[in-house]
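Numbering (UniProt numbering), first residue to last: 1 to 404.
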Ligand code: GDP
C-alpha cells in the first residue's frame, strides 16, 4: 500500500528540490504532490494554481521565492518537501533550507543541462554535505538529450554520474524509461497510466550495455565491495541498489534519473529513488551547527528545533521548524534561546498541499509548522526552557517573514 504511514524515523525523507529557475522545480513538486494524493486539484504553472505557490508575490513573479514545507506519503514513507528558492536573490533562504533538509533532488533542464545557477546551488549543497540524486527534466523538449546533459553534469558538477535509466524514445516521442537496476521498462501511456513490463526487444542490447557500464562504474567507486562485485557475473538488483544508496550517502556517486514532469513522466521512479537512495534523519549526524551537544535525531533527547520559515497566512502566523532532537508536544512552553523569550506551542500541524493536519507531537527528525509562537523568527532555536541552546548563530542569515 502506497499510502501507509510508518511512524518510524527510517521512513522519513526530508527532501529539497534544487534547481536553476525554469528547470522545472515547481512542476516536479506539483506532480509529486498530485501523484502522492496530497492534492486533488492539478495546478499548472502558467495559470498560477500550483499548490506550492502559497505566496501571491511568488505567483506574480512566476518564480519560487519563499520556502514552503509540504508533507506527502509514498510507499509507506513520509516525504517532507522543503521548497528551496532557485532564484539567486534569495540566497539566505536557500542556505537555511539546505540546513534543514537531509537529501535533495537536483533538477536539470534536458536541453540546457547544467546552468550557472544550478552550479551555485550545487556548491552550496556540497558545503552542507547534502546527499543528492539528479533528475534530468524536459526530455520531451526539442533538442533534449540525456547523454549530453549527463556529460555537462560530469564536466561541471560531479565526476561520477551513475545513470540508472535508459530513455525510451526521444523528444516528443519520449514515452518511457528502462530501469537499469531492475531491468524493467516503464511506459507512460495517456491519462497518467503507467505500464511496467520487460525491456523491449529492440532496446535489450543497449540496455544490457548500459547496465554493464553502470555495474562497472559502481564497482570502481565501491571500493569496499570491489571483490564482491567482480566475483559476480551480473550484480543482483538488491546488491546494486544497496551500493547506489551507499554511494549517494557518501557523495562518491550521483544517481541520475530522467523524465518530463510536465507530461507526468518519470515522477514515480523519482519517488522510488528518493525512498531507496536518499537518507532518513537517522542516517545523518544532527549537527546543523557547531554545538556538539545536539544528539543525532533522538526523540528522548533535550528539545532542539530550528525555525526555518515564518509565514503569516489568513489563518494566522505559522512557524515552520525542523526538530533535531527531543519531542515537541502541543501545549508545551519552549524557549527561544537567542531572544531569551518563552513561546507557547498551541498547535502542531503537518502541512499538506491543500490542507493542514493537526498532530499532538512531533519528534526529532520531523519537519512541521506550529502555531502559537508570537515572535520567533527564521533562524531561531526553540528548545527546552531548562537547556538553552542556539543552533544557528545570530546574524548567520537574515530573518525571513513572508506574507501570503
Ligand atoms: P521552476 O522555475 O524551476 O520552478 O520551473 P517551472 O516548474 O515553473 O517550469 C518552468 C517552465 O518549464 C514552465 O513553463 C513549465 O511548464 C515548463 N516545464 C516544466 N517541466 C517541463 C517538462 O517536463 N517538459 C516541458 N516541455 N516543459 C516543462
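Note that the Cβ used here is the ideal one computed from N, Cα and C, for glycine as well. In this text the structure is predicted, and so the values were computed from the model without any measurement.
Please state the DSSP three-state secondary structure of residue 22.
It is coil, neither helix nor strand.
Along the alpha helix (DSSP H) that carries residue 123, what are the first and last residues, could you check?
From DSSP, the alpha helix (DSSP H) with residue 123 extends over 116-127.
With DSSP collapsed to three states, give me the class of residue 221.
Reduced to three states, the DSSP call for residue 221 is helix.
Among all the DSSP beta bridges, which residues are the ones paired with residue 412?
Given a span of 1 to 404 for the chain in the structure shown, any question on residue 412 remains unanswerable.
Is the CB-CB distance between residue 125 and residue 18 below 9 Å?
Yes, they are a contact pair.
Taking 8 Å as the cut-off, is the CB of residue 80 close to at least one heavy atom of the ligand GDP?
Every heavy atom of the ligand GDP is 8 Å or more from the Cβ of residue 80, so no.
Would you report the Cα separation of residue 217 and residue 162, rounded to the nearest angstrom?
So the alpha carbons of these two residues sit roughly 7 Å apart.
Please tell me whether, using a cut-off of 8 Å, the distance from the CB of residue 141 to the nearest non-hydrogen atom of the ligand GDP is below it.
For the ligand GDP, at least one heavy atom lies less than 8 Å from the Cβ of residue 141.
Please name the residue or residues paired with residue 358 in a DSSP beta bridge.
349, per the DSSP bridge assignment.
Compare the beta carbon distance of residue 327 and residue 368 with 9 Å and say whether it is the shorter of the two.
Taking 9 Å as the Cβ cut-off, residue 327 and residue 368 do not qualify as a contacting pair.
DSSP beta-bridge partners of residue 78:
BP columns for residue 78 point to 12, 73.
For residue 112, I'd like the list of residues in its chain whose CB is within less than 7 Å of its CB, leaving aside the five on either flank, ordered along the chain.
So no residue of the chain qualifies.
Around the Cβ of residue 447, are there at least 16 other Cβ atoms within 10 angstroms (buried) or fewer (exposed)?
With the chain running from 1 to 404 in the structure shown, residue 447 is simply not present.
Buried or exposed by the 16-neighbour rule on C-beta atoms within 10 Å, applied to residue 99:
Sixteen is the threshold: when 16 or more other Cβ atoms of the shown chains lie within 10 Å of the Cβ of residue 99, as they do, the residue is buried.
Given that a residue counts as buried once 16 or more other Cβ atoms are within 10 Å of its Cβ, and exposed if not, what is residue 213?
Burial call: exposed.
Using the beta-carbon count (16 or more within 10 Å), is residue 372 buried or exposed?
Burial check for residue 372: the Cβ neighbour count within 10 Å reaches 16 or more, so the residue is buried.
Restricting to Cα atoms, I'd like to know which of 223, 206, 170, 165 is closest to residue 247.
Ranking 223, 206, 170, 165 by CA distance to the CA of residue 247 puts 223 first.
Quick check for students: name the residue ranges of the alpha helix (DSSP H) that lie wholly in the region 144-178, counting only runs of 4 or more.
Qualifying alpha helix (DSSP H) stretches, in chain order: 146-156.
Count the other CB atoms within 10 Å of the CB of residue 127; is the residue buried (16 or more) or exposed (fewer)?
Counting every other CB atom within 10 Å of its CB across the protein chains shown gives residue 127 a total below 16, marking it as exposed.
Secondary structure at residue 389, three-state DSSP: helix, strand or coil?
Reduced to three states, the DSSP call for residue 389 is coil.
Using 9 Å as the threshold, is the C-beta distance between residue 13 and residue 274 below it?
Taking 9 Å as the cut-off, the beta carbon of residue 13 is found closer than this to the beta carbon of residue 274.
Taking the DSSP output, what are the residues bridged to residue 325?
DSSP output for residue 325 lists 304 as bridge partner(s).
Is it buried or exposed, residue 159, if we count other Cβ atoms within 10 angstroms and call 16 or more buried?
Per the 10 Å Cβ criterion, exposed.
Give me the Cα-Cα distance between residue 234 and residue 211, rounded to the nearest whole angstrom.
Rounded to the nearest angstrom, the two C-alpha atoms are 9 Å apart.
Beta carbon of residue 14: closer than 8 Å to some heavy atom of the ligand GDP?
No, the Cβ of residue 14 stays beyond 8 Å of every heavy atom of the ligand GDP.
The ligand ZN and residue 33: does the residue's C-beta get closer than 8 Å to at least one heavy atom of that ligand?
With respect to small molecules bound, the structure shown includes the ligand GDP and not the ligand ZN.
Tell me which same chain residues have a C-beta within less than 8 Å of the C-beta of residue 268, skipping the five on either side of it?
For residue 268, where only same-chain residues beyond five positions count, the Cβ hits under 8 Å are 35, 186, 194.
Can we say the region 168-178 touches the region 130-138, given the rule of at least three CB pairs closer than 8 Å?
With the cut-off at 8 Å, the region 168-178 and the region 130-138 do not touch.
For residue 168, collect the residues of the same chain with a Cβ closer than 8 Å to its Cβ; drop the 5 residues on either side in sequence, then sort them by chain order.
These residues qualify, in order along the chain: 174, 175, 176, 177, 178, 185, 187, 200, 203.
Check whether the Cβ atoms of residue 322 and residue 305 sit closer than 9 Å, and answer yes or no.
For residue 322 and residue 305, yes; Cβs fall inside 9 Å.
Since residue 238 is in the alpha helix (DSSP H), which residue starts that stretch and which ends it?
237-250 is the span of the alpha helix (DSSP H), which, as asked, contains residue 238.
Excluding five sequence neighbours on each side, which residues of the same chain lie with their C-beta closer than 7 Å to the C-beta of residue 101?
Here the set comprises 14, 15, 16, 82, 130.
Could you tell me whether any Cβ in chain D is nearer than 9 Å to the Cβ of residue 35?
In the structure shown, chain D does not exist; there is a single protein chain.
Host beta strand (DSSP E) of residue 255 (start-end):
Unbroken beta strand (DSSP E) run through residue 255: 254-258.
Using 8 Å as the cut-off, classify the Cβ of residue 175 as near or not near the heavy atoms of the ligand GDP, replying yes or no.
No, Cβ of residue 175 sits at least 8 Å from all heavy atoms of the ligand GDP.
Short Cβ contact (9 Å threshold) for residue 324 with residue 342:
Residue 342 sits away from residue 324, with the two beta carbons spaced by 9 Å or more.
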